[in-house]
Amino acid sequence: MSTAKAQNYLALLEIARCEGNWSAVPELVRKVRKHAPERACLTLAALTEAQIAEATQSSTENSTPTSDTLQVAQQLPKLVEAIENESTYPQDRFQATICAGWLHWVVGEYSLAALRLPNRIDEEYPSLQNPSEWTTVCALKAAYLKGNCAARTSQPLDALSVFETGLAAMDGVWGADKQPRRQLRYWAELFLSEYSMLSSQVLSRQEKALQDLNSLSGFRSWSRYWESLVGPVIGGQGFRGSVPRRRIWYEYYVALSNILELDLPLPTAHVKPINETSARTQLRIELKKTESAYEALLLDETQFPKADEEREEVEAFVQLAMKNWSILCGRGWKEADLGQGGRASISRGVLDILYRAATKTYHSTAILRHLVTVHLAVAEFDIAFKAFDSYMEVVKKAKARVEKTGVAEPSLDDDNTVLKTMSQAIVALCRYGGASAIEKAHDLARELEDTMAHLPQLQPASEVATPIEPTHEIGIHTKVAGDTLAFAWQAIGLAHASWSRVTPDAPSRTEIQAKAIRSLRKSLSPAFGRSRDVQSLYSLGLLLAERRDIGAAIEVVKAALVSTKSQEPNAALVYGPYWQERAFIPVWHLLALLLSARQDFMMAARACEGAFEQFKDPSVLFGSQQVFHSEHLKAQAAPQASFGLVDELDDAEREAILEVKMTQLALIELLEGPEIAVNASYELITLYSRLFGSTATTPKTSLQPPPAQIPPKSSSGTVRSFRGSIFGSRAGKSPSPAVGATALSVDVVSAESRPLSTLPGTPSLPSNGMSSPTAAPTPAIQITTEKNGSAQRSTSAKPTGGRSSRRSSIRNRDRSASGGKRASSSGPNYRNVPDGEAFFSPEGNLSSDAFALTSRPQASIASAFVRRQNVGSLDTFISTKAKGLDHLVDHAIDGVFSLPPPLPPIVFSKDEEKRQRSVILIRLWLMVAGFYRRADMVEDAKGAVAEAQKLVQTLETELTNDATGSLILKVPKWAEKRSVDELWADVWAEFGNISLTNDAPLDARRNFESALTYFPNHAAGIVGLSNILLDIYTEDLVPVSHEPSSHDSYSHTHSSVATNSELRSNSSKNKGTSPLTNEPLGLGPNRPIRPPTSFSNAENETNLASGSYPDFKHSSTLPHKCFSPEPRPSSLPLIDRLAARDRAYGLLSALTKRGSGWNNSEAWFALSCAYEESGQPEKAKDVLWWCVDLEEGRAIRDWSVLGDDGYIL
């Protein structure tokens, strides 16, 4: 006997068995028996395997091999005897044992097969030294057969345990040096397929938890097996009767998606080692790999549908992919967990999936709907709403077809989904769009309301006060869920509210607002189960506040704040951590503004604090950061930065936090004076740096607070008091004596009580790296304490005397009847106040001075709070239910906090994000400039405006140099609050206010003209310029010198003006005069740095002055035709004075009809002066009473600072 021949024949027999070449086995068995008779166990097992294989291959699906066919009675005893006699070759014995078990299994003797097969594959297989490939096949076969037997006897968990032991044999597959042969691939795939599908069944029946360490072992082994093979993943079916391979990938994808959705810990068994340490990063990588494999197989094996076919599996995959995307790119996952590219990269990948899926479907409404959402997420607003238009077109046609035929279409979205999609589109249009987008949202809201009115399933339930049942089929229509109806009415209300701000139809604004209020109240109906929807309550409160119904607005806001915290599971995964507290920040801010409108400034300040106190610990919001008092300690310690909640917020939420701080400083300015606000503005700059960071590595300049001065005696005469806002004067203010510690001891507004421990100690000024060689220096602020002496200011405060005294004309002119009381015969003048409560209003002798410029000493701060000498507890105030407001919303049924379906977080490009942050910084600098200006620190105010000016110049340069041409200067893009031209107008208007403070009306007029040249509808610019024009008309400001007009048209304007007192005192000292130009008054030769290209000043004047001027009652009579002033000595011809007055009237009349100025009390007051000077005292009186109404409902800051200049949280 030749040993070489025996080894050769044994090798050939091994190859034949591994390749499944059963026809060659009998001959090879004969030769092995001849040359190696000691391998009897091996040869008998091989011959039996060949017989079983031939019998199973020849059987059909309806027939199985029988005991007679395989001659089990004759073969089994021989095989058992050979097993018992084999002691030399353990692998031969192992192979024969598996063959005996297979023989029982094939003939249906599953219990006997289980007894024959090994109990622990993971123990027996590793004990075999250098197992051959066929031994590995037998081990996998044994695990499969034993597990299958357990599964057939309703023991799935035992079967899973058997499959888990069989994974030890898989090391011979993916650990082999060469590619596995046919039989090894067959049994490996058969084993892994059965293991994976059984795992899926057990997990779906919740017989095993996803948290189990081995819950994904089968799927991971399946994935690793395909990675070990050369070439792409193969589709189809691995063997006859098996499930498609893509089904296993789908079950794997579903299991990972469930872990993601439930936010469960990732099972760690059989995880392929990677460099990532984060469990979420591992989950994301594993999910993406599985998603790609399943998608490739699905699309490759799916054909484009015929007319009567559906592609349900494709749409099911898209639905699951979108659910995963909404979590991965939601607010519950950090950017660091999303890998390179973050949310933008994941969203782009999902867009590719959607477009590829669209090639295998026909007019899929689900895919179109998802395209809208994801394009919004990547800030492609135009494409998103084009997809929405396509979606609505497909839905309308399909719904009409279904109504006609009565046959439901499975791929068509149901009524519930369509209503929700329309509602989300409306909210997105209102949230990110401008006037044209809001108009589209308004039209869509009317279409949505009409759609709901015609849905048959809503007809009987429209008046029922019981909760709407969950969605289920009723014929071709489905019942609409209650939360969907609540969301729809909320969207309708938001559309009406937003349209009321931009509508050109001024008379209809009140009715539009009323529709919005009715819709929002309807969305809070207990029948829908969302009576504490914070978005609806917030929007309703803001809308009521704009309508000056302050008391009702406060109660609505309080109803939101006292709602029970929601216990909705995994809500943080969708809305993010601390989602309820974050949603409440704008609500607290709204409450603060409402309380300031009631002149309860102390409680308003407490409400600002409440926005941050709800987080309990400041380190939650801003992170823990140690602050050192010396620079060398900072350098030595170098504490590691601790991330806070603000690091995961989007820019809109960060801006909401900054707005609360800005309101706090406005309250400080009112209560303690602008000097204290200037001190505190350092905190504002520091907070901006903490929220948005700084692009500058080192600060260009340092801010040092100025000396703290003693606050004024009362709030009257400061920034936003009742008498000091439009009816008082800020001119000629001087610090008043101290009033004691009563008002200053309140911890809300004390300069010493504002901790900075949660903010960087020495931040870099966020100048965005912008500089200008001609810009004014940054204002310096010197930090001092109250007990120390006043430090030297960086600039001398100039007196503000010499400003226009036009506002006292109503009081001083005897021939005007507008200065009298509205109802002199009715005794004391008790008026209806916005909140139904009495508060400080001038009565008696004081009432006659309400419109006058007064210099009498005012009452102290404490006297302004006679009704509330004690601030009291904020929690007590919030929990107190108001009386007589039950008609607003019934909160008795549903008191649980809820939010509507959120819009996806928008991912802007880095350049767009930088521009948006620059706009926020510009507003911040302009606010700081206002603090300086009101503190009579003119040069420092100019420096602050110069910082804003540099930022605007940089923005303008970037947009001008944009190669794509998509960036424009005059109209804000999607999600932009203000265009570059509007920002220029803001800067020039603030320069104009500074010039007025600096007693330079000529410069102020030039600056206001520049503001209107950039943006003709700028409210502050119109009001400032109109006041100057009216002063010129009344000759409170007159030309220093002039040349007589040579014609009867508009005469020349002057380039230098002065007050009458200056002329009387010393006319020879006037400087800077020049001959009058041949232009209308107020449109002098001075131009801004960059004149616009689309319109001119003359065109703007023509647009405003042509036709008929509408007045407060929409009269068509020109003012100068009603009254012509008596001739009096003047250096300015009458026709120029009339031109100034008429232009002021035209500007103000147009402004007060637009959404940006309909509730602007300063504009209305200036318009009343125009009426008075035109000899129309009754109209002036009506406008003045309207001013009083507006002022009594006016907050310390404009309502537009809330909700990102909208109604949406």
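When we follow this note's numbering, the leftmost residue of the sequence shown carries the number 15, and every step to the right adds one. C-beta: ideal position from N, C-alpha, C; glycine also.
Secondary structure of residue i, DSSP reduced to three states
i, result
"Ser912", "strand"
"Leu142", "coil"
"His284", "coil"
"Val1052", "strand"
"Thr149", "helix"
"Thr578", "strand"
"Asp314", "helix"
"Thr435", "helix"
"His377", "coil"
"Thr524", "helix"
"Thr465", "helix"
"Leu1204", "helix"
"Trp201", "helix"
"Arg1168", "coil"
"Leu917", "coil"
"Arg345", "coil"
"Leu1198", "helix"
"Gln89", "helix"
"Tyr696", "helix"
Nearest-angstrom Cα separation, counted from residue j out to residue i
i, j, result
"Leu1043", "Glu560", "29 Å"
"Thr890", "Gly555", "20 Å"
"Trp236", "Lys337", "24 Å"
"Phe402", "Arg383", "7 Å"
"Ser1079", "Ile1046", "With a pLDDT of 40 at Ser1079, under the threshold of 50, the predicted position of this residue should be treated as unreliable, though the coordinate-derived value follows. Their backbone Cα atoms lie some 19 Å apart in a straight line."
"Ile299", "Ile367", "17 Å"
"Val516", "Val441", "16 Å"
"Ile360", "Glu309", "16 Å"
"Pro986", "Gly448", "7 Å"
"Val151", "Ser101", "21 Å"
"Gly1038", "Arg1020", "11 Å"
"Glu241", "His284", "14 Å"
"Gln105", "Leu142", "7 Å"
"Pro916", "Ala597", "11 Å"
"Gly13", "Leu888", "Past the edges of the chain, shown from 15 to 1223, lies residue 13, and the structure says nothing about it."
"Ser638", "Ser175", "48 Å"
"Pro540", "Ala502", "15 Å"
"Lys1232", "Gly707", "Outside the shown range of the chain (15 to 1223) lies residue 1232, about which nothing can therefore be said."
"Leu334", "Leu938", "44 Å"
"Ala96", "Gln109", "11 Å"
"Asp314", "Ser214", "24 Å"
Among the options, nearest to residue i - alpha-carbon criterion
i, options, result
"Glu33", "Ala520, Leu58, Ala949, Glu63", "Glu63"
"Ser340", "Arg1157, Ala449, Val588", "Val588"
"Gln267", "Pro246, Leu217, Ser292, Thr17", "First, the residue type needs correcting, since residue 267 is Tyr and not Gln in the sequence shown. Closest option to Tyr267, Cα to Cα, is Leu217."
"Ala269", "Ser292, Gly250, Lys222, Val247", "Lys222"
"Lys374", "Glu323, Thr1027, Ala422", "Glu323"
"Trp180", "Trp998, Leu159, Thr111, Ala165", "The question names Trp, but residue 180 in the sequence shown is Gly. Answer by Cα proximity: Leu159."
"Asp351", "Ser514, Tyr209, Thr291", "Thr291"
"Val966", "Val421, Thr700, Ala999, Glu327", "Ala999"
"Gln549", "Phe911, Asp631, Ala1194", "Phe911"
"Thr387", "Thr379, Ala398, Ser378, His377", "Ala398"
"Leu551", "Cys55, Trp602, Lys964", "Trp602"
Residues that residue i bridges to, as DSSP identifies them
i, result
"Pro258", "Gln251"
"Asp889", "In the DSSP output, where bridge partners are listed per residue, Asp889 has none listed."
"Asp547", "Ser912"
Cutoff 8 Å: residue i Cβ touching any chain E Cβ
i, result
"Leu301", "The chain labelled as chain E is not found in the depicted structure, where only one protein chain is given."
Could I get the ranges of all uninterrupted alpha helix (DSSP H) runs contained in the stretch 935-990, with 4 residues as the minimum, in chain order? At a cut-off of 4 residues, the continuous stretches assigned as alpha helix (DSSP H) that sit fully inside the stretch 935-990 are 952-974.
Every unbroken alpha helix (DSSP H) within the stretch 587-639, with a cutoff of 4 residues, ordered by chain: Counting only runs of 4 or more, we get 593-611, 615-627, 632-636.
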